[in-house]
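Novice: The structure's right below; bear with me while I get my questions together.
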Amino acid sequence: AQSVTQPDIHITVSEGASLELRCNYSYGATPYLFWYVQSPGQGLQLLLKYFSGDTLVQGIKGFEAEFKRSQSSFNLRKPSVHWSDAAEYFCAVGAKDSSYKLIFGSGTRLLVRP
Amino acid sequence: NAGVTQTPKFRVLKTGQSMTLLCAQDMNHEYMYWYRQDPGMGLRLIHYSVGEGTTAKGEVPDGYNVSRLKKQNFLLGLESAAPSQTSVYFCASSWAGQDRAFFGQGTRLTVV
């Protein structure tokens, strides 16, 4: 069964600083990997996804993520954070078997200092 | 283009009462999911469906039942509500397992 760990519950960065949110997964093979963002009181919006191929994927709003098989990681990065990026970020793992279960991590809340 | 619609948006139940949450999608998606979101625990998968007439258990299925009689609808039922089921419930759908999931706006359920 797949699982996802996001070790950081909260992260605070200054506006304009770089950002890296950590995600580690457990799965028997290379899974489908996703990052979603949730603004307060809203549903979830997809930032980016990885299925295969190039291990560095680009997403919306200037985010990117790098898949590292050897570390079972899929960390999310942004070179310069904007105040509007304050939200909760979820990493998710999709199974490649017939179940296609989609499992989420516990989330990382990003706070942005002006 | 409605996407994924959840009904109701808010509900307060007394312990022991029953209710059904409705999720409707208009994108002809095969896969549908029900999650609950609790502080510090992220989204936990309750049940999911890989097509009309099919359902499967997720991570936290106890106390919930689901049905997918029509492709566009996925119902989540609570037969006897408990305070531990106080949560925000999200429905999601996707065209294929590897495709992005579209989420509803959530249902905030309080059991007193």
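Protein chains in written order, with this note's numbering: chain A, 97 to 210; chain B, 1008 to 1119.
Ideal Cβ positions, reconstructed from N, Cα and C, are used throughout, including at glycine.
#1: Taking the alpha carbon of residue 1056(B) as the reference point, which residue from 1092(B), 1072(B), 1048(B) has its own alpha carbon closest?
#2: Does the beta-carbon of residue 163(A) have 16 or more other beta-carbons within 10 angstroms, so that it is buried, or is it exposed?
#3: Considering only C-alpha positions, which residue in the set 1110(B), 1039(B), 1017(B), 1047(B) is nearest to residue 1103(B)?
#4: So residue 1013(B) is in the beta strand (DSSP E); what residue range does that whole segment cover?
#5: Give a yes or no on whether the C-beta atoms belonging to residue 120(A) and residue 168(A) are separated by under 9 Å.
#6: According to DSSP, which residues form a beta bridge with residue 131(A)?
#7: Looking at chain B, is there any beta carbon in it that lies within less than 9 Å of the beta carbon of residue 167(A)?
#8: So residue 1176(B) contacts chain A; which residues on that side make the cut at Cβ distance below 9 Å?
#9: Taking Cβ positions only, does residue 1101(B) come closer than 9 Å to chain A?
#10: Check the Cβ-Cβ distances between residue 170(A) and every residue of chain B, and say whether any is below 9 Å.
#11: Going straight from the alpha carbon of residue 1086(B) to that of residue 191(A), what length do you get?
#12: Starting from the beta carbon of residue 1026(B), find every residue of chain A whose beta carbon is closer than 7 Å, and list them in chain order.
Specialist: Well, looking at it:
#1: 1072(B)
#2: buried
#3: 1039(B)
#4: 1011-1014
#5: yes
#6: 144(A), 187(A)
#7: no
#8: The shown model of chain B, from 1008 to 1119, leaves out residue 1176(B), and the question about it has no answer.
#9: yes
#10: no
#11: 30 Å
#12: Correct list: empty, because the minimum Cβ distance to chain A is about 21 Å.
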